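Shown next, in structure tokens, is the structure this report addresses.
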Amino acid sequence: MRKKFIESSDNITGKIFEEIFDKNKDLNNLMLLGEILDKLSDGVYITDGEGLTIFVNKAYERISGTSRSLFIGKKMEQVIKEGLINTSGTLKVIENLEEVTINQILNNKNQVVITSTPIFSKNSEISIVVTTVRDVTEINELKDKLDESEQNILMLKYLIDQESKVIYNSHIMKMILNKAKKVANYDVSVLITGETGVGKDVIAKYIYEIGSRKDGPFVEINCSAIPANLIESELFGYESGAFTGALKKGKKGIFEIANNGTVFLDEIGELPLELQAKLLKVIQNKKIRKIGADKDIPIDVRIISATNRDLEKMVSEKSFRQDLYYRINVIPIHIPPLRERREDIIPLALHFLRENNKINKTKKYFSDKVLRIFYKNNWYGNVRELKNIVERVVILSRDNCIEEWDLPEDMVNCNKNVQKKNIFESGSNLDEMLDQYEKKIIKEVIDYTNSQKEASKILGITESKLCRRIKKLRI
1 MRKKFIESSD NITGKIFEEI FDKNKDLNNL MLLGEILDKL SDGVYITDGE GLTIFVNKAY
61 ERISGTSRSL FIGKKMEQVI KEGLINTSGT LKVIENLEEV TINQILNNKN QVVITSTPIF
121 SKNSEISIVV TTVRDVTEIN ELKDKLDESE QNILMLKYLI DQESKVIYNS HIMKMILNKA
181 KKVANYDVSV LITGETGVGK DVIAKYIYEI GSRKDGPFVE INCSAIPANL IESELFGYES
241 GAFTGALKKG KKGIFEIANN GTVFLDEIGE LPLELQAKLL KVIQNKKIRK IGADKDIPID
301 VRIISATNRD LEKMVSEKSF RQDLYYRINV IPIHIPPLRE RREDIIPLAL HFLRENNKIN
361 KTKKYFSDKV LRIFYKNNWY GNVRELKNIV ERVVILSRDN CIEEWDLPED MVNCNKNVQK
421 KNIFESGSNL DEMLDQYEKK IIKEVIDYTN SQKEASKILG ITESKLCRRI KKLRI
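Numbering (the UniProt record's numbering), first residue to last: 1 to 475.
This is how it looks when you write it as structure tokens:
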């Protein structure tokens with residue numbers, strides 16, 4: 001070590017170290033300096049003005065997991081070429097002639113913050129570059145755990161605030177669940193409408209689980225997933241030998257299986273017209289007749305239907321029976337798309353994240369930027385698309401923190417394009433744009449708190465001022 005230190009201390013470097021100790025300009029003080037630097041808990045990496053490594057302390061060895069003998073006497077370009085580090089603050093200093101601070105992940109996966117500082121000679125040239133290296137791996141891990149805990153606490157808050165397993169935070173979903181509660185104990189037909197993926201099946205199961213028939217079976221059938229020539233046998237069953245390929249012992253249909261329980265007819269708008277007439281008869285008479293049978297079987301079921309089609313339009317086009325429409329639509333429940341109830345996006349994303357962490361035994365969490373992108377995204381595939389995206393990024397993201405670059409590129413680009421359009425293509429002047437943003441913020445806070453008093457506290461203004469802003473902005 002002594003020999004290497006002497007060899008690497010050229011005239012310029014020697015003068016630098018000697019100037020640090022004004023008293024005795026001798027080799028002992030240079031060695032003392034090395035011993036002092038070796039006592040530091042932060043790493044120290046020193047080069048001359050051309051990037052030649054002249055000193056590396058013990059802490060840097062420990063932090064990097066690499067012997068300093070591999071660095072001493074090498075220029076930084078060579079150090080990078082040999083793969084000992086992936087970027088150099090020293091080279092940035094030499095290029096820009098100013099102090100540089102960068103975040104870096106070392107080969108042993110330790111996360112560090114490095115600050116490279118130039119020391120200039122009397123003729124204003126860089127004579128030495130001193131780089132300090134602080135290991136922030138543990139700090140970042142603690143931050144990761146804190147962020148993860150905060151998101152878990154937020155998720156638990158949503159769950160504790162609700163009696164059901166339905167994840168929501170919007171006022172409209174609260175109204176929908178209140179309506180579902182009111183009808184749950186009555187044997188009336190319910191028609192749930194909404195775009196594909198909004199969660200119609202979730203509301204159907206919610207009604208079943210809190211209703212008077214919760215101890216009976218819940219049987220679901222997707223009317224669009226079964227060929228037209230088979231759907232009758234699926235709904236009503238068949239007797240032995242009813243048709244070629246039939247089971248010898250016959251088969252029960254879903255109505256018979258669901259006796260004393262609930263039948264959920266998903267995508268009922270896809271039901272063929274001839275089957276619509278038979279379904280209407282079952283609802284009216286509370287009896288079914290299996291294919292090949294000569295007598296009816298009494299049944300006692302509650303029917304919940306769902307569709308993403310406009311049944312009223314189909315009735316006018318005579319592709320859906322009007323009498324059946326009225327029978328299944330005693331209680332209508334419409335679920336808006338996710339983009340119209342953005343308050344539900346973050347709770348749902350956190351819920352799906354929690355589920356996937358449990359399944360995959362991971363500890364992933366979202367960065368704030370990802371949550372903002374989620375909130376602004378239009379989610380044309382609704383809850384189903386959100387669930388799919390969360391499942392994908394949990395598996396494919398490299399680190400525990402899910403960042404913007406882990407998301408599908410089209411989602412990130414779409415978000416950026418929307419922001420640009422909102423700002424540059426709105427045709428509004430500055431005052432109008434500020435009013436638009438203020439209106440948006442106030443509306444979101446009021447929707448979240450459902451109280452002007454609480455909203456004024458969050459916004460940091462008086463309730464009377466909030467009322468004036470609401471009136472002016474026509475919220």
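Ideal Cβ placement from N, Cα and C applies to all residues, glycine included. Owing to the predicted nature of the structure, the values given are computational and were not obtained by experimental measurement.
* Those residues which DSSP pairs with residue 401 across a bridge -> Reading the sequence shown from its first residue, position 401 is the one you call residue 401. Partner(s): 365.
* To do: Identify the continuous beta strand (DSSP E) that holds residue 131 and give its terminal residues.
  => Within the sequence shown, numbered from 1, the residue matching residue 131 stands at position 131. Element bounds for residue 131: 126-135.
* If you draw a straight line from the alpha carbon of residue 65 to that of residue 221, how long is it in whole angstroms? -> The sequence position of residue 65 within the sequence shown is 65, counting from 1. The sequence position of residue 221 within the sequence shown is 221, counting from 1. Distance between the alpha carbons of residue 65 and residue 221 is about 60 Å.
* Asked: By a C-beta neighbour count over all protein chains shown, 10 Å radius and 16 as the cutoff for buried, is residue 228 buried or exposed?
  -> For this step, residue 228 is matched to residue 228 along the sequence shown. With fewer than 16 other Cβ atoms within 10 Å, it is exposed.
* Counting only the same chain and skipping the five closest in sequence on each side, list residues whose C-beta sits under 6 Å from that of residue 53. => Here residue 53 refers to the residue found at position 53 when the sequence shown is read from its first residue. Only 47, 71, 72 and 74 meet the Cβ criterion.
* To do: Would you check if the distance between the CB atom of residue 170 and the CB atom of residue 343 is smaller than 8 Å?
  => Taking the first residue of the sequence shown as 1, we reach residue 170 at position 170. Taking the first residue of the sequence shown as 1, we reach residue 343 at position 343. Yes, the pair counts as a contact, with Cβ atoms nearer than the cut-off.
* Asked: Along the chain, where does the beta strand (DSSP E) that runs through residue 45 open and close?
  -> Here the question's residue 45 lines up with position 45 in the sequence shown. Unbroken beta strand (DSSP E) run through residue 45: 43-48.
* Give the DSSP-derived three-state secondary structure of residue 218 in the structure shown. => To locate residue 218, count along the sequence shown from 1; it is residue 218. Of the three classes helix, strand and coil, the one that applies to residue 218 here is strand, per DSSP.
* Asked: In or out: residue 83 buried (at least 16 other Cβ within 10 Å) or exposed?
  -> One-based indexing of the sequence shown puts residue 83 at position 83. By the neighbour-count rule (16 or more Cβ atoms within 10 Å), residue 83 is not buried but exposed.
* Compare the C-alpha of residue 110 against each of 405, 366, 460 and 86 and name the closest. => Mapped onto the sequence shown, residue 110 falls at position 110. The candidate whose alpha carbon is nearest that of residue 110 is 86.
* residue 297 to residue 381 span [Cα, whole Å] -> Position 297 of the sequence shown holds residue 297. Position 381 of the sequence shown holds residue 381. Going by the C-alpha atoms only, they are around 41 Å apart.
* Is it the case that the Cβ atoms of residue 300 and residue 286 are separated by a distance below 8 Å? -> Translated into positions along the sequence shown, residue 300 becomes position 300. Translated into positions along the sequence shown, residue 286 becomes position 286. Cβ distance < 8 Å, so residue 300 and residue 286 count as in contact.
* Can you give the Cα-Cα distance for residue 208 and residue 276, rounded to whole angstroms? -> Sequence index remark: in the sequence shown, residue 208 carries index 208 (1-based). Sequence index remark: in the sequence shown, residue 276 carries index 276 (1-based). Rounded to whole angstroms, residue 208 to residue 276 spans 23 Å at the Cα level.
* To do: Classify residue 88 as buried or exposed, calling it buried when 16 or more other Cβ atoms lie within 10 Å of its own Cβ.
  => As a working note, residue 88 is residue 88 in the sequence shown. Classification for residue 88: buried.
* To do: Determine the contact status of residue 333 and residue 179, defining contact as a CB-CB distance below 8 Å.
  => Translated into the one-based positions of the sequence shown, residue 333 becomes position 333. Translated into the one-based positions of the sequence shown, residue 179 becomes position 179. In this structure, residue 179 lies closer than 8 Å to residue 333 by Cβ.
* Asked: Taking buried to mean at least 16 other C-beta atoms within 10 Å of its own C-beta, is residue 175 buried or exposed?
  -> On the sequence shown, position 175 is the one that residue 175 refers to. So residue 175 ends up on the exposed side.
* To do: Starting from the Cα of residue 50, find the closest Cα among 289, 97 and 43 and give me that residue.
  => Residue mapping note: residue 50 aligns to position 50 of the sequence shown, counting from 1. Comparing Cα positions, the closest option is 97.
* To do: Answer with buried or exposed for residue 243, where buried requires no fewer than 16 other C-beta atoms within 10 angstroms of its C-beta.
  => Mapped onto the sequence shown, residue 243 falls at position 243. Residue 243 is exposed by the Cβ-count criterion.
* Say whether the stretch 310-320 touches the stretch 336-355, bearing in mind that this needs 3 or more beta-carbon pairs closer than 8 Å, one atom from each stretch. => no
* To do: Compute the minimum distance between the beta carbon of residue 349 and the heavy atoms of the ligand HEM, and state whether it is under 7 Å.
  => Inclusion of the ligand HEM in the displayed structure is not the case, the ligand content being empty and no account of it being possible.
* Asked: Is it the case that the Cβ atoms of residue 531 and residue 337 are separated by a distance below 8 Å?
  -> Lying outside 1 to 475, the shown extent of the chain, residue 531 is not represented and no answer is given.
* The beta strand (DSSP E) with residue 307 in it runs from where to where? -> One-based indexing of the sequence shown puts residue 307 at position 307. Counted as a single uninterrupted DSSP element, the beta strand (DSSP E) harbouring residue 307 occupies residues 302-307.
* Span of the alpha helix (DSSP H) holding residue 178? -> Mapped onto the sequence shown, residue 178 falls at position 178. That run of the alpha helix (DSSP H) goes 171-184.
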